[in-house]
Amino acid sequence: MNTGKVDVSELTTAERFALLNKEVQAKYAVDPHRDVDQIPLAELSPEHPSLFQHQSMFKYFARLRTEDPVHRTEDSMFGPYWSITKHQDIMDIERNFKVFSSEQRYGGIQLAGKPYDEEGVDPRFNLPMFIMMDPPKHTAQRKAVQPMFVQRSLKPLEPIIRERAQAILEQLPIDEEFDWVTEVSIELTSQMLAILFDIPQEDRMLLIRWSDAATNNANPELFSSVEEAFKELWQCFEYFSNIFKKRKASATPGHDLISMLAQSESTKEMPSNELLGNLLLLIVGGNETTRNSISGGVKFFNEYPDEFERLTRNPNLVPSAVLEMIRMQSAIAHMARTATEDTEFRGKKMKKGDRLALWYVSANRDEDVFPQPDHFRIDRENIRTHLGFGYGIHRCVGYRLAEMQLQILWEEILQRFKRVEIVGAPEFQWSSFLHGITKLPVRLQHK
Numbered sequence: 121m122n123t124g125k126v127d128v129s130e131l132t133t134a135e136r137f138a139l140l141n142k143e144v145q146a147k148y149a150v151d152p153h154r155d156v157d158q159i160p161l162a163e164l165s166p167e168h169p170s171l172f173q174h175q176s177m178f179k180y181f182a183r184l185r186t187e188d189p190v191h192r193t194e195d196s197m198f199g200p201y202w203s204i205t206k207h208q209d210i211m212d213i214e215r216n217f218k219v220f221s222s223e224q225r226y227g228g229i230q231l232a233g234k235p236y237d238e239e240g241v242d243p244r245f246n247l248p249m250f251i252m253m254d255p256p257k258h259t260a261q262r263k264a265v266q267p268m269f270v271q272r273s274l275k276p277l278e279p280i281i282r283e284r285a286q287a288i289l290e291q292l293p294i295d296e297e298f299d300w301v302t303e304v305s306i307e308l309t310s311q312m313l314a315i316l317f318d319i320p321q322e323d324r325m326l327l328i329r330w331s332d333a334a335t336n337n338a339n340p341e342l343f344s345s346v347e348e349a350f351k352e353l354w355q356c357f358e359y360f361s362n363i364f365k366k367r368k369a370s371a372t373p374g375h376d377l378i379s380m381l382a383q384s385e386s387t388k389e390m391p392s393n394e395l396l397g398n399l400l401l402l403i404v405g406g407n408e409t410t411r412n413s414i415s416g417g418v419k420f421f422n423e424y425p426d427e428f429e430r431l432t433r434n435p436n437l438v439p440s441a442v443l444e445m446i447r448m449q450s451a452i453a454h455m456a457r458t459a460t461e462d463t464e465f466r467g468k469k470m471k472k473g474d475r476l477a478l479w480y481v482s483a484n485r486d487e488d489v490f491p492q493p494d495h496f497r498i499d500r501e502n503i504r505t506h507l508g509f510g511y512g513i514h515r516c517v518g519y520r521l522a523e524m525q526l527q528i529l530w531e532e533i534l535q536r537f538k539r540v541e542i543v544g545a546p547e548f549q550w551s552s553f554l555h556g557i558t559k560l561p562v563r564l565q566h567k
């Protein structure tokens with residue numbers, strides 16, 4: 121029987137992205153308010169971006185964790201895939217990177233990815249990056265930028281972050297409504313990204329624009345075609361290409377991410393599309409988790425005002441509170457993997473080429489790991505076990521910097537404001553790859 125749905129199984133990556141338009145959206149439309157308990161288990165499919173935009177996905181994941189934690193979806197807008205929803209299962213798969221690969225040629229790290237033959241691939245739509253590589257190439261390229269994020273490099277950044285956080289908070293209006301995402305979350309992350317790349321601060325919003333384009337290129341509300349989205353992304357390469365060349369030729373390279381890529385033996389001769397891919401990886405990685413956890417923290421403290429009162433009485437809980445924000449927000453909702461051979465996992469038989477979604481947003485609310493997982497608790501004892509930065513060899517290289525930014529910002533918030541009150545409905549990103557907050561109307565009260 122013809123269901124009217126588009127068969128995505130044989131499409132190229134560009135064709136698949138292009139298909140994610142309003143017409144196909146309608147064919148795969150879901151009711152985000154549907155009673156999850158009334159959906160047959162075989163039809164339970166949590167990947168649709170509308171579920172995330174309406175914050176409906178948590179009930180899907182709670183049911184899957186209980187009834188079918190390794191769950192097969194046969195038909196979705198991204199093709200067939202397995203949902204991995206339990207904390208321990210995700211860690212086990214992340215450890216076994218030889219069987220469960222993140223390689224781009226197998227499909228990469230998003231459900232929208234598709235395997236391809238490396239010969240004849242159009243480089244305009246193919247952006248290799250080290251998070252979509254397996255060792256040894258992954259190890260070598262990641263090592264190129266790792267010096268930026270070790271403790272001795274982060275220590276000098278601490279006063280810079282504090283100074284910028286103070287300046288941002290000081291200019292905020294009091295007793296007037298404004299958007300926290302725009303004025304605080306994006307502002308702090310964009311300023312720090314400009315420092316990490318050593319580019320002028322006046323260009324910082326270009327980085328946010330390219331981050332948004334990289335993470336929203338399948339959103340039909342923003343881009344009408346894959347060509348339109350990638351045209352925006354290649355502007356990023358045009359901006360950085362001359363900077364990269366100059367820092368590659370420099371006899372006294374700086375301590376910034378572009379200089380590190382330009383000077384490392386493993387990255388200095390990258391082709392254009394691979395350079396762009398790694399630039400976008402560092403931009404998105406430096407933006408999304410920090411930015412959305414900053415916004416998420418405000419949301420959670422409004423939902424649990426007693427926890428904010430506890431924090432004001434005991435600011436020493438800021439580091440723990442920050443980790444709880446990261447857990448609850450889970451800004452990276454999933455990473456995908458591909459089975460490189462026929463295998464069995466938790467009693468389920470997987471075929472070579474099968475796609476898996478590792479749902480961090482579910483694992484971080486796993487009842488077996490986090491008691492009362494949907495509750496925001498700033499003194500959660502086992503909070504460092506969260507998977508908000510991933511796990512294993514692909515764990516976020518800049519997680520310490522993200523934590524530092526969040527800790528400093530909340531230390532400064534506590535010194536200034538009695539309350540950060542949400543005064544309108546938060547808005548969420550149309551994406552099942554990122555769990556993002558796009559708008560957060562707030563009003564501040566001075567102490």
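Mapping of the sequence shown onto this note's numbering: position 380 corresponds to residue 500, and the numbering continues sequentially without gaps.
Beta carbons: idealized from backbone N, C-alpha and C, even for Gly.
Here the structure is a predicted model, which is why all the values come from computation and not from measurement.
Just mark Glu398 as buried or exposed, buried being the case when its beta carbon has 16 or more other beta carbons within 10 Å. As a working mapping, residue 398 is identified with position 278 in the sequence shown. Note that residue 398 corresponds to Asn in the displayed sequence, not to Glu. So Asn398 counts as buried.
Which residue comes first and which comes last in the beta strand (DSSP E) that contains Thr463? In the sequence shown, the residue the question calls residue 463 occupies position 343. Its beta strand (DSSP E) spans residues 463 to 465.
My parser needs the alpha helix (DSSP H) runs of 4 or more residues fully inside the stretch 271 to 307; what are they? 271 to 274, 277 to 290
Quick check on the DSSP output: what are the complete beta strand (DSSP E) runs of length 3 or more inside the stretch 208 to 238, in order along the chain? none
Cβ of Tyr201 within 7 Å of Cβ of Arg475? Counting from 1 along the sequence shown, the entry for residue 201 is found at position 81. Counting from 1 along the sequence shown, the entry for residue 475 is found at position 355. Contact: yes.
Cutoff 8 Å; reference Met253; Cβ partners in own chain excluding five residues on either side: Taking the first residue of the sequence shown as 1, we reach residue 253 at position 133. Cβ within range, chain order: Ser222, Glu223, Gln224, Gln261.
Compare the C-alpha of Glu523 against each of Arg504, Phe537, Phe172 and name the closest. Locating residue 523 in the sequence shown gives position 403, counting from the first residue. If we check each option's Cα against that of Glu523, Arg504 comes out closest.
Quick check: the Cα distance between Ile159 and Phe496, rounded to an integer number of angstroms? Here residue 159 corresponds to residue number 39 of the sequence shown, with the count starting at 1. Here residue 496 corresponds to residue number 376 of the sequence shown, with the count starting at 1. Answer to the nearest angstrom: the Cα atoms are 28 Å apart.
Nearest neighbour of Asp508, chosen from Gly473, Lys538, Asp462, Gly556 [CA to CA]: Position 388 of the sequence shown holds residue 508. First, the amino acid is wrong: residue 508 is Gly here, not Asp. Ranking the options by Cα distance to Gly508, first place goes to Gly556.
Ignore the nearest five residues each way along the sequence and tell me which others in Glu461's own chain have a CB closer than 8 Å to its CB. Counting from 1 along the sequence shown, the entry for residue 461 is found at position 341. These residues qualify, in order along the chain: Val219, Lys472.
Among the candidates Leu395, Ile319, Thr410, whose CA atom is the shortest distance from the CA of His375? By 1-based counting over the sequence shown, the position of residue 375 is 255. Looking at the Cα atoms, Ile319 is the closest of the given residues.
Give me the residue from Ser170, Lys257, Lys147, Leu161 with the minimum Cα distance to His153. The sequence position of residue 153 within the sequence shown is 33, counting from 1. Closest option to His153, Cα to Cα, is Ser170.
Counted within 10 angstroms of its Cβ, other Cβ atoms place Val128 as buried (16 or more) or exposed: Against the sequence shown, residue 128 aligns to sequence position 8. Residue placement at Val128 is poorly supported in this model, since its pLDDT is 48, which falls under 50; the coordinates still yield a value, given next. Under this definition Val128 is a buried residue.
Just verifying my parser: in three-state terms, what is the DSSP assignment at Met470? Sequence index remark: in the sequence shown, residue 470 carries index 350 (1-based). Met470: strand per DSSP, three-state reduction.
So, for Arg539: in the same chain, excluding its five sequence neighbours on each side, which residues have a beta-carbon less than 7 Å away from its beta-carbon? Translated into the one-based positions of the sequence shown, residue 539 becomes position 419. Annotation for Arg539: Gln565 place their beta carbon closer than 7 Å to its own, counting only its chain and skipping 5 residues before and after.
Assuming contact is defined by CB atoms lying nearer than 7 Å, are Ala232 and Phe198 in contact in what I supplied? The residue you call residue 232 lines up with position 112 of the sequence shown. The residue you call residue 198 lines up with position 78 of the sequence shown. Cβ distance < 7 Å, so Ala232 and Phe198 count as in contact.
For Phe317, which of Asn336, Leu289, Met380 has the nearest alpha-carbon? For this step, residue 317 is matched to residue 197 along the sequence shown. When each option's Cα is compared against that of Phe317, the closest is Met380.
C-beta contact flag for Phe217 and Ile446 at 7 Å: Start at 1 with the first residue of the sequence shown, and residue 217 comes out as number 97. Start at 1 with the first residue of the sequence shown, and residue 446 comes out as number 326. Taking 7 Å as the Cβ cut-off, Phe217 and Ile446 do not qualify as a contacting pair.
With a 10 Å radius around its C-beta and 16 neighbouring C-beta atoms as the bar for buried, classify Lys125 as buried or exposed. Taking the first residue of the sequence shown as position 1, residue 125 is located at position 5. Residue placement at Lys125 is flagged as unreliable, the pLDDT there being 46, under the threshold of 50; the coordinate-derived value follows with that caveat. Its Cβ having fewer than 16 others within 10 Å, Lys125 is exposed.
Cα-Cα separation, Thr463 to Met470: Here residue 463 refers to the residue found at position 343 of the sequence shown. Here residue 470 refers to the residue found at position 350 of the sequence shown. Rounded to whole angstroms, Thr463 to Met470 spans 5 Å at the Cα level.
Relative to the ligand FAD, is the shortest distance from any of its heavy atoms to the C-beta of Arg485 smaller than 6 Å? With respect to small molecules bound, the structure shown includes none, and the ligand FAD cannot be examined in it.
Exposed or buried, which one is Met325 when buried takes at least 16 other CB atoms within 10 Å? What you label residue 325 is simply residue 205 of the sequence shown in a count that begins at 1. Flag for Met325 reads exposed.
Separation of Ile315 from Lys365, as counted between CA atoms: By 1-based counting over the sequence shown, the position of residue 365 is 245. By 1-based counting over the sequence shown, the position of residue 315 is 195. Whole-angstrom Cα-Cα distance: 19 Å.
Measure the alpha-carbon distance for Val190 versus Leu184 and round it to whole angstroms. Stepping through the sequence shown from its first residue, residue 190 is reached at position 70. Stepping through the sequence shown from its first residue, residue 184 is reached at position 64. Approximately 8 Å between the Cα atoms of the pair.
Just checking my contact of Ser384 with Ala264 at CB under 8 Å: how many whole Å lie between their CB atoms? Walking along the sequence shown from the start, residue 384 turns up at place 264. Walking along the sequence shown from the start, residue 264 turns up at place 144. Right, their Cβ atoms sit about 4 Å apart.
List, from N- to C-terminal side, the beta strand (DSSP E) runs of 3 residues or more that fit wholly inside the stretch 401 to 473. Whole beta strand (DSSP E) segments, 3+ residues: 454 to 459, 463 to 465, 468 to 470.
Look up Val126 in the DSSP assignment and say whether it is helix, strand or coil. To locate residue 126, count along the sequence shown from 1; it is residue 6. Residue placement at Val126 is poorly supported in this model, since its pLDDT is 45, which falls under 50; the coordinates are not used for a value here.
Counting Cβ pairs closer than 8 Å, one from the stretch 207 to 217 and one from the stretch 476 to 484, do we hit at least three? yes
Assigned exposure category for Asn412 - 16 Cβ within 10 Å defines buried: Here residue 412 refers to the residue found at position 292 of the sequence shown. By the neighbour-count rule (16 or more Cβ atoms within 10 Å), Asn412 is buried.
Please list the segments of the alpha helix (DSSP H) lying wholly inside the stretch 471 to 551, counting only runs of 4 or more residues, in order along the chain. Within the stretch 471 to 551, the complete alpha helix (DSSP H) segments of 4 residues or longer fall at 480 to 483, 519 to 536, listed in chain order.
When the Cα atoms are used, what is the spatial distance from Pro373 to Thr309? Along the sequence shown, one-based indexing puts residue 373 at 253. Along the sequence shown, one-based indexing puts residue 309 at 189. C-alpha separation (whole angstroms): 24 Å.
In chain order, what residues of the same chain lie with their CB nearer than 7 Å to the CB of Ile229, ignoring the 5 residues before and after it? Residue mapping note: residue 229 aligns to position 109 of the sequence shown, counting from 1. Counting only Cβ-Cβ distances below 7 Å, and skipping sequence neighbours, we find Ser222, Ile251, Met252, Met455, Ala456.
Using the beta-carbon count (16 or more within 10 Å), is Lys419 buried or exposed? Position 299 of the sequence shown holds residue 419. Classification of Lys419: buried, given that the 10 Å Cβ count is 16 or more.
Look at the Cβ atom of Ile403, then the Cβ atom of Ser331, and state whether they are nearer than 7 Å. Residue mapping note: residue 403 aligns to position 283 of the sequence shown, counting from 1. Residue mapping note: residue 331 aligns to position 211 of the sequence shown, counting from 1. Yes, the Cβ-Cβ distance between Ile403 and Ser331 is below 7 Å.
Delimiting residues of the beta strand (DSSP E) encompassing Arg192: Taking the first residue of the sequence shown as position 1, residue 192 is located at position 72. Taken as a continuous stretch (DSSP letters only), the beta strand (DSSP E) holding Arg192 covers 190 to 193.
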